[in-house]
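Undergrad: Just dropping this structure here.
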Amino acid sequence: METNKTSDDGKTPITLENLHEVFSSGPSDEWEKSRKFLKRMMAESEKFWAEREKESKKSEDTSD
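Every position in the sequence shown, counted from 1, becomes a number in my numbering once 180 is added.
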């Protein structure tokens, strides 16, 4: 089985056998930037839903 054979477009297909090579040779600065962005977006989302939950509890309390 040939795992490192390149395809017609010049890219190496990702397989379980070469996955560690792909991650070690990847652009870590780009991945770090993406990771920071995702963490920030998740924090904003959690904050939004926490505020929304508080608002819904307030509206339930006032409707009684």
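Positions of the beta carbon are idealized from the N, C-alpha and C atoms, including for glycine. Predicted, not measured: the structure shown is a model, and the values here were computed from it.
#1: Taking the straight line between their C-alpha atoms, what separation do you get for E212 and K234?
#2: Just to confirm my understanding: we take K238, look at its own chain, exclude 5 residues before and 5 after, and list those with CB closer than 8 Å. What are they?
#3: Going by DSSP in three states, L196 sits in which element: helix, strand or coil?
#4: Whole angstroms is fine: what's the gap from E182's alpha carbon to E210's?
#5: Rounded to whole angstroms, what's the CA-CA distance from S204 to N198? Just pull it up for me.
TA: With the structure as the only source:
#1: As a first step, residue 212 is located in the sequence shown; it is residue number 32 there, counting from the start. As a first step, residue 234 is located in the sequence shown; it is residue number 54 there, counting from the start. Between the alpha carbons of E212 and K234 lies a distance of about 33 Å.
#2: Counting from 1 along the sequence shown, the entry for residue 238 is found at position 58. Same-chain partners within the cutoff: there are none.
#3: As a position in the sequence shown, residue 196 is number 16, starting the count at 1. Three-state DSSP puts L196 in coil, outside helix and strand.
#4: One-based indexing of the sequence shown puts residue 182 at position 2. One-based indexing of the sequence shown puts residue 210 at position 30. Unreliable placement is indicated for E182, whose pLDDT of 49 sits below 50; the coordinate value is still reported in the next sentence. When rounded, the separation of the alpha-carbon atoms in E182 and E210 is 29 Å.
#5: Locating residue 204 in the sequence shown gives position 24, where the first residue counts as 1. Locating residue 198 in the sequence shown gives position 18, where the first residue counts as 1. Distance between the alpha carbons of S204 and N198: 10 Å.
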